[in-house]
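In the working numbering, the protein residues as written are -6 to 1022. Cβ coordinates follow ideal geometry from the N, Cα and C atoms, glycine included. Just so you know, these numbers come straight off a predicted model, no measurement behind them.
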């Protein structure tokens, strides 16, 4: 390939080179790495010059991936008006405004119109501001994820930002590092042992080993062990990572309405129609009464311009009263309160509606690593120098023999045996202790292995090796990093006494090194083992130790003897050791054995060393059972979810036996018993078996309904599972952290990305970010989501009661208008008579709206969540928002208030015992208004409980805002009655009248308590709890 290749040509080649299935063949067709280097015109030793960097950036672009454009505040505002309830409010506000400007002379009507418009502005403004702010928080979070990479430019190693990398850059590849671009590994001796975790890109959980024939490195993947150099060929949007990110950002989010939104829309329409019918019925009743006995008024123009116009005004007033302007306000306030408080629980809500949707979740598809587990391998059981041990808290059933606590090992094993075991592990591992400079949120992997060392130091490399070295540090007091300094392990080396015999295996030996590595064979998935030979000091004698580690069964099969606690060696009972660790295998422990062999005459070639390994004759030093421990709080959180009727499905790339054991440990599957060792039928499947059912939708749906564990699964399998569950009317929350998880997260009802191990693609496709990667935080998100639904229900129980009373009372009062009072051509006189006829005037109705809408929404929508919310199953999408129990309380309180108020308003003798001098006077209507507000004020605490809880004041000490609002409304009502005067149409009441009002209103309390014991129709629309048997 002569001359500089164009961007289009390179991108076409890069797509083929980056395809794991055809990479080797495609690269060979291009002439190999050398041809690629020549094609790009670079010198790998010196790297790019400053001029070449500029030219490469101009020709092929930079490594910066364009971020999805942040939506403007105006776009969020437009989206807010897609809410049907808000549109009903806008229509009601317009109607009220027309009435106030062109028809009514009452200033209260203009105030009413303005109050509805204010509600529209508040609801849309708050929702838009919160969503815009959440976008800003996400952008700020991304700014913390800037990473650097070491490149060679102008012959000097230089640290640059990942975004500044260009095609042709030669950069360092190290254990724990996240690969910044698609690249080709440059052949070298150190590159032979390179292993990469490509699960975030390919979904393959097994580490990929790099070397001849496997030189492809994919952007966004993480190096587990080894080191080397690579040349970048795909950067930015031209890399596999960039293409995945662009794909996940493409198109608009179209998640549809949330379950609560669907039910609120239905309810808002129902209330709107109810108000419209009541308005038409009231206006019609007034007209019929006015025309009774005198139909000639139908031809009288003054009747239409006077009486009928005022009847229409009454109808408009009723419609305005019926419009639930507090309903969207309650939802918005509850979502805003919850999403802000959730940050303290390590939950960042990117989309406000997702907070509510979590409360309706019926299935959680959770990853294992880092979510259910700590994403930190740890040694939990084993055998060192013939001494079995268990980590603190580990089940004694992990080993089939008595075992001591790991903390007692130093007292039970001699220092000689401890040193021997320590060296066998330290010298035959490649993980390194270094400063973990990878910022939180940039990805997981081996770099997150932290042996609890201060100062940001961590073991970087293979997770199992990190666990073994951390165990030596913590339990045996072996300073692994210090021991490493006594031997040259960076490359094969030899001691002076062995250098001559080592031959090629000792290339690069240090002549004055007291110890040196003579030979190393990196871990291979074929041999399932790793070996290292280290020369002995001359004081000990010529020769070396050959250290060997690998799969438990393989290593034990090569051993004849075993190191003892006193440092001696005894004949190994293979059968006994294998039997001892059988429980560990079934307990999902990764069992690794460590052995050694004394070599007196060192082989000259690697082939001879390999032959020596295969001879066996080794001494067993240690057997270590390693596990990625469950997070301590996960079993309890899983139990809470299951108790709440939420099915938890573990989706993992692990082996099916390992996945089953972990699922049992955290409670996703029932524990094995003597009668039932295997998991229930249909609860555990392989990803490929589940995917094979795609051609049979019914079988696929049935499999998804019983599934609890999907093992050996890929991101595509997860996406298929989410899609199948959603088609079966489940509300699905799915977790993910990898690049390929983006589509599944985007397709789920709620996509939950991991904040620590999650890639940019996963976070960009998510609705919620779990900042601590903890399943318990997901469970807490469910609590907050259900709290939103519960608080909205509390508000509805209160508001609907007030609405029913206000509408029925207005209708009854209008219908009581006698025909003698109705007939008049004087519109002003009719308006005055109607004002006397209706129990509440416009200003008083405005205060009622303030109480039952804005303030009640603020008081009830900010109630903190309770763990009791997880004691009931989730509700299906079609379930009623107002339950039978709620209707019982709404109906009971509404009937009580209507009986009291109608009697007080319509019965002439009622005013006498209220100490009112004149029937239908301002004083009379003030008493009615006062009793109406006080009854609803006393009903407000009862609205806090929507499930017949007797103690309605339970937890009120945590609801500071509720208490303040309740007290504030009570004080405002007193001031309005005593000092409202002509503007509010009130007359000051004396002490006796106040006592009478409070006494009558207090009937609300015993009735509210009694209703708790009245049976209500059972709600049958709740989701059924999943069963495992």
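Residue environment, residue i, which counts as buried when at least 16 other CB atoms sit within 10 Å
{"i": "residue 951", "result": "exposed"}
{"i": "residue 974", "result": "exposed"}
{"i": "residue 5", "result": "exposed"}
{"i": "residue 444", "result": "Note that residue 444 has pLDDT 38, beneath the 50 cutoff, so the model's placement of it is unreliable and the number below is only indicative. The residue is buried, with at least 16 neighbouring Cβ atoms inside 10 Å."}
{"i": "residue 766", "result": "buried"}
{"i": "residue 222", "result": "buried"}
{"i": "residue 147", "result": "exposed"}
{"i": "residue 411", "result": "buried"}
{"i": "residue 707", "result": "buried"}
{"i": "residue 959", "result": "buried"}
{"i": "residue 39", "result": "exposed"}
{"i": "residue 1026", "result": "Any answer about residue 1026 is impossible in this case: the structure gives the chain only from -6 up to 1022."}
{"i": "residue 944", "result": "exposed"}
{"i": "residue 387", "result": "buried"}
{"i": "residue 847", "result": "buried"}
{"i": "residue 423", "result": "buried"}
{"i": "residue 906", "result": "exposed"}
Residue nearest to residue i in terms of C-alpha spacing, selected from the options
{"i": "residue 301", "options": "278, 57, 323 and 320", "result": "278"}
{"i": "residue 340", "options": "679, 774 and 27", "result": "774"}
{"i": "residue 83", "options": "10, 572 and 265", "result": "265"}
{"i": "residue 660", "options": "714, 925 and 636", "result": "636"}
{"i": "residue 297", "options": "285, 308 and 280", "result": "280"}
{"i": "residue 996", "options": "853, 939, 987 and 890", "result": "890"}
{"i": "residue 790", "options": "860, 762 and 887", "result": "887"}
{"i": "residue 563", "options": "553, 219, 858 and 993", "result": "553"}
{"i": "residue 380", "options": "371, 406, 372 and 465", "result": "406"}
{"i": "residue 255", "options": "561, 868 and 425", "result": "868"}
{"i": "residue 392", "options": "311, 292 and 572", "result": "572"}
{"i": "residue 794", "options": "729, 925, 806 and 861", "result": "925"}
{"i": "residue 231", "options": "258, 262 and 176", "result": "176"}
{"i": "residue 521", "options": "548, 469 and 540", "result": "548"}
{"i": "residue 87", "options": "741, 43 and 103", "result": "103"}
{"i": "residue 560", "options": "943, 378, 640 and 908", "result": "378"}
{"i": "residue 709", "options": "695, 417, 730 and 680", "result": "680"}
{"i": "residue 858", "options": "214, 260, 22 and 330", "result": "330"}
{"i": "residue 802", "options": "258, 43 and 268", "result": "268"}
{"i": "residue 122", "options": "332, 30 and 10", "result": "332"}
Euclidean distance between Cα positions of residue i and residue j
{"i": "residue 735", "j": "residue 771", "result": "18 angstroms"}
{"i": "residue 583", "j": "residue 671", "result": "21 angstroms"}
{"i": "residue 460", "j": "residue 236", "result": "35 angstroms"}
{"i": "residue 745", "j": "residue 832", "result": "53 angstroms"}
{"i": "residue 474", "j": "residue 536", "result": "24 angstroms"}
{"i": "residue 67", "j": "residue 49", "result": "39 angstroms"}
{"i": "residue 864", "j": "residue 170", "result": "44 angstroms"}
{"i": "residue 216", "j": "residue 201", "result": "9 angstroms"}
{"i": "residue 94", "j": "residue 939", "result": "41 angstroms"}
{"i": "residue 118", "j": "residue 796", "result": "25 angstroms"}
{"i": "residue 18", "j": "residue 207", "result": "10 angstroms"}
{"i": "residue 245", "j": "residue 361", "result": "Here the model assigns residue 245 a pLDDT of 47, short of 50, so the residue's position is not dependable, and the following value carries that caveat. Roughly 30 angstroms between the two C-alpha positions."}
{"i": "residue 981", "j": "residue 972", "result": "7 angstroms"}
{"i": "residue 918", "j": "residue 879", "result": "30 angstroms"}
Per DSSP, cross-strand counterpart(s) of residue i
{"i": "residue 701", "result": "Residue 701 pairs with nothing; no bridge assigned."}
{"i": "residue 201", "result": "189"}
{"i": "residue 880", "result": "Paired residue(s): none; residue 880 is not in a bridge."}
{"i": "residue 987", "result": "Bridge partners of residue 987: none, in fact."}
{"i": "residue 381", "result": "376"}
{"i": "residue 678", "result": "703"}
{"i": "residue 557", "result": "Paired residues: none, contrary to the question."}
Counting Cβ pairs closer than 8 angstroms, one from the stretch 620 to 634 and one from the stretch 366 to 383, do we hit at least three?
yes
Does the contact criterion of 3 or more C-beta pairs under 8 angstroms hold for the stretch 930 to 947 versus the stretch 893 to 901?
no
Looking at C-beta atoms only, is the number of pairs between the stretch 337 to 355 and the stretch 601 to 619 that lie closer than 8 angstroms three or more?
no
Answer yes if the stretch 671 to 691 comes into contact with the stretch 590 to 599, meaning at least three C-beta pairs across the two stretches below 8 angstroms, and no otherwise.
no
Tell me whether the stretch 632 to 646 and the stretch 701 to 715 touch, counting them as touching only if at least three CB pairs, one residue from each stretch, are closer than 8 angstroms.
yes
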